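Engineer: Have a look at this one before I ask anything.
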Amino acid sequence: FTPSYYTGSVMKLAQQRRGDLQDVKYLTETRTCVIYDVPLAEVITDFFDEMKSRTKGYASMDYTPIGYRANDLVRLDVKINGEDASPLATIVHKDSAHSIGKALTEKLKEVIPRQLFRVPIQACIGVKPVASSAIPPMRKDVLAKCYGGDISRKKKLLQKQAKGKKRMKSMGKVNVPQEAFMAIINVKREE
1 FTPSYYTGSV
11 MKLAQQRRGD
21 LQDVKYLTET
31 RTCVIYDVPL
41 AEVITDFFDE
51 MKSRTKGYAS
61 MDYTPIGYRA
71 NDLVRLDVKI
81 NGEDASPLAT
91 IVHKDSAHSI
101 GKALTEKLKE
111 VIPRQLFRVP
121 IQACIGVKPV
131 ASSAIPPMRK
141 DVLAKCYGGD
151 ISRKKKLLQK
161 QAKGKKRMKS
171 MGKVNVPQEA
181 FMAIINVKRE
191 E
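Take a look at the structure:
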């Protein structure tokens with residue numbers, strides 16, 4: 001149930017969440033009843049919050065389970081620094097896997113602390129990456145102590161630093177903080 005002014009906004013939200021329009025009833029000039037079949041997976045995430053924000057809190061909803069239906073779902077795995085982070089894996093609809101993967105990798109990029117080496121983050125379906133981002137490395141100025149002098153000394157220091165970072169990346173482990181797990185629960189998909 002929604003005020004008639006917000007009917008279009010509610011219908012757009014339901015269609016974005018893979019809803020099938022069943023009926024629209026105009027109860028009065030100002031009240032509308034919109035009936036959709038929406039997958040439960042879409043309702044339990046943030047459908048109600050999004051509907052309330054789009055209608056300034058005036059809409060209400062009720063749902064009744066209608067049974068199971070076949071759907072095209074995929075497992076979206078997350079790889080951090082080339083290693084599977086299986087607690088971050090989620091099951092999503094194939095059509096929205098790219099947008100959810102992109103939002104997920106960007107959120108993890110913000111939450112995971114920077115390391116001394118570049119940390120790639122990938123959202124994959126099977127072995128195929130659908131979205132990726134990377135946490136840039138922290139910079140250490142190894143040339144700070146070389147005020148002047150020979151350019152070959154500076155190149156040698158930079159090469160030594162590059163070798164050290166390469167070795168650190170191959171051996172380095174990335175610890176995912178607890179906040180990362182909480183942050184991905186509230187990941188908003190890009191519309």
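In full-length UniProt numbering, the protein residues as written are 1 to 191.
No residue lacks a Cβ here, since even glycine has one placed at the ideal position from N, Cα and C.
Fair warning: this is a prediction, and the values are worked out from it, not measured in the lab.
Compare the C-alpha of G126 against each of A89, V34, F181, R139 and name the closest.
Structural biologist: Ranking the options by Cα distance to G126, first place goes to A89.
Engineer: Cα-Cα, which of P137, D95, T30 is closest to L73?
Structural biologist: Looking at the Cα atoms, D95 is the closest of the given residues.
Engineer: State the DSSP-derived secondary structure class of L157, mapped to helix, strand or coil.
Structural biologist: Of the three classes helix, strand and coil, the one that applies to L157 here is helix, per DSSP.
Engineer: From the DSSP output, in three-state form, read off residue 192 for me.
Structural biologist: The first residue shown for the chain is 1 and the last is 191, placing residue 192 beyond what the model contains.
Engineer: Which partner residues of residue 195 appear in the DSSP bridge assignment?
Structural biologist: Beyond the ends of the chain as shown, which are 1 and 191, falls residue 195; an answer cannot be given.
Engineer: If we count the other Cβ atoms within 10 Å of its Cβ and call it buried at 16 or more, is Q159 buried or exposed?
Structural biologist: Classification for Q159: exposed.
Engineer: Looking only at DSSP bridge pairs, what is S132 linked to?
Structural biologist: Its beta-bridge partners are Q122.
Engineer: How about R114 and P136: do their beta carbons lie closer than 8 Å?
Structural biologist: Yes; because the gap between Cβ atoms is below 8 Å, this pair is in contact.
Engineer: Report the residue from K25, M11, E110 whose alpha carbon sits nearest the alpha carbon of A183.
Structural biologist: When each option's Cα is compared against that of A183, the closest is E110.
Engineer: For Y26, which residues in the same chain have their Cβ closer than 6 Å to its Cβ, ignoring the five residues on either side in sequence?
Structural biologist: Only T32 meet the Cβ criterion.
Engineer: Give the straight-line distance between the Cα atoms of Y5 and T30, rounded to the nearest whole angstrom.
Structural biologist: Computed Cα separation, rounded: 7 Å.
Engineer: Could you tell me whether the Cβ atoms of L108 and A180 are closer together than 8 Å?
Structural biologist: Going by C-beta atoms, L108 is nearer than 8 Å to A180.
Engineer: Just to confirm before moving on: does the CB-CB distance between I121 and A103 stay below 8 Å?
Structural biologist: Taking 8 Å as the Cβ cut-off, I121 and A103 do not qualify as a contacting pair.
Engineer: What did DSSP end up calling L76 once you bin it into helix, strand or coil?
Structural biologist: In this structure, L76 counts as strand in the three-state DSSP scheme.
Engineer: Hey, V43 and V34 are a contact pair by Cβ (cut 8 Å); roughly how many whole angstroms apart?
Structural biologist: Their Cβ separation, rounded to whole angstroms, is 14 Å, which puts V43 and V34 out of contact at 8 Å.
Engineer: Beta-carbon separation of V119 and N81 under 8 Å?
Structural biologist: The answer is yes: Cβ separation under 8 Å.
Engineer: Is it buried or exposed, T2, if we count other Cβ atoms within 10 angstroms and call 16 or more buried?
Structural biologist: It counts as buried.
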